[in-house]
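Q:
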Amino acid sequence: MSAIRRRAPLRWGTTMSMLLLSAMAFAQDVDLAKRHRMDGNPWVGKTVPDVLPVAEVERIVLTRAITSATADIDLGNIRRMLGSTRTLQPRSVAKSLMPPLGGNGDAIWEALILTRAGDAIRFVADNEWICLIGTAGEGCYRQASD
Numbered sequence: 009m010s011a012i013r014r015r016a017p018l019r020w021g022t023t024m025s026m027l028l029l030s031a032m033a034f035a036q037d038v039d040l041a042k043r044h045r046m047d048g049n050p051w052v053g054k055t056v057p058d059v060l061p062v063a064e065v066e067r068i069v070l071t072r073a074i075t076s077a078t079a080d081i082d083l084g085n086i087r088r089m090l091g092s093t094r095t096l097q098p099r100s101v102a103k104s105l106m107p108p109l110g111g112n113g114d115a116i117w118e119a120l121i122l123t124r125a126g127d128a129i130r131f132v133a134d135n136e137w138i139c140l141i142g143t144a145g146e147g148c149y150r151q152a153s154d
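First residue of the sequence shown? That's 9 in this note's numbering, and the numbers climb one at a time after it.
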């Protein structure tokens, strides 16, 4: 009987751990599909490193690359673009670039950027514009011409 009493707290602890982990996973869900910011757009007028420092990028999930390059080259290009010091403009300047994820005929690269802080940011780029969309704001900048 004492063995059963000792196991019960272990099972309860395991159950609580699983519940906490599932609650933490739910708390990290992110909505990048709907833009419903009522307080304006705090990213406009800031530079790319102000809103997404390269050192904070934990992982880049490449979801589209219409190039003949290998994945490591495409990912390197995205990291290079994220290093830009250009100022973000309202997304309306590149409106045609931002239809729903995966439904974009003009984009060359699309990716999901995950930060060390747990944020998720959508990245979309073509030959002219690069756009970032996150829960804290959104913005686009024109690529430098070579």
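Cβ coordinates follow ideal geometry from the N, Cα and C atoms, glycine included.
Going by beta carbon distance, what residues of the same chain come within less than 8 Å of R67, once the five residues before and after it are set aside?
A: Reading the sequence shown from its first residue, position 59 is the one you call residue 67. Taken in chain order, the residues that qualify are I121 and L122.
Q: Mind reading off the beta-carbon distance from F131 to I74? Whole number of angstroms is fine, and I expect it under 8 Å.
A: Start at 1 with the first residue of the sequence shown, and residue 131 comes out as number 123. Start at 1 with the first residue of the sequence shown, and residue 74 comes out as number 66. 14 Å between Cβ atoms; not a contact.
Q: If you draw a straight line from the C-alpha of D134 to the C-alpha of P50, how long is it?
A: Here residue 134 corresponds to residue number 126 of the sequence shown, with the count starting at 1. Here residue 50 corresponds to residue number 42 of the sequence shown, with the count starting at 1. One C-alpha to the other measures close to 24 Å.
Q: Using the Cα positions of F96 and Q151, report the straight-line distance between them to the nearest angstrom.
A: Translated into the one-based positions of the sequence shown, residue 96 becomes position 88. Translated into the one-based positions of the sequence shown, residue 151 becomes position 143. The sequence shown places Leu at residue 96, not Phe. When rounded, the distance between both Cα atoms is 11 Å.
Q: Could you pull the start and end residues of the alpha helix (DSSP H) that A79 belongs to?
A: One-based indexing of the sequence shown puts residue 79 at position 71. First-last of the alpha helix (DSSP H) with A79: A79 to L90.
Q: Go to V38, then tell me how far its beta strand (DSSP E) extends in each direction, as first and last residue.
A: Looking up residue 38 in the sequence shown gives position 30. Taken as a continuous stretch (DSSP letters only), V38 belongs to no beta strand (DSSP E), as it is neither H nor E.
Q: Which whole-angstrom value describes the C-beta separation of L70 and L83, a residue pair presumed to lie in contact below a C-beta threshold of 8 Å?
A: As a first step, residue 70 must be located in the sequence shown, where it is residue number 62. As a first step, residue 83 must be located in the sequence shown, where it is residue number 75. The pair is a contact, with the Cβ atoms about 6 Å apart (cut-off 8 Å).
Q: Going by DSSP, name the residue or residues bridged to I68.
A: Translated into positions along the sequence shown, residue 68 becomes position 60. In DSSP, I68 forms a bridge with I121.
Q: Would you kindly report the start and end of the unbroken alpha helix (DSSP H) that includes V56?
A: Here residue 56 is taken as the residue at index 48 of the sequence shown, counted from 1. Element bounds for V56: V56 to V59.
Q: Alpha carbon to alpha carbon, how far is T4 from T93?
A: Any question about residue 4 goes unanswered here, given that the chain covers just 9 to 154.
Q: Out of curiosity, what's the CA-to-CA distance linking R124 and S76?
A: Start at 1 with the first residue of the sequence shown, and residue 124 comes out as number 116. Start at 1 with the first residue of the sequence shown, and residue 76 comes out as number 68. Approximately 30 Å between the Cα atoms of the pair.
Q: Need the endpoints of the beta strand (DSSP E) that R150 sits in, please.
A: Here residue 150 is taken as the residue at index 142 of the sequence shown, counted from 1. From DSSP, the beta strand (DSSP E) with R150 extends over G145 to R150.
Q: With a CB to CB cut of under 6 Å and the five nearest residues on each side skipped, what residues in its chain are close to P98?
A: For the purposes of this step, residue 98 is taken as residue 90 along the sequence shown, with counting starting at 1. Cβ neighbours of P98 beyond the five flanking positions: V52.
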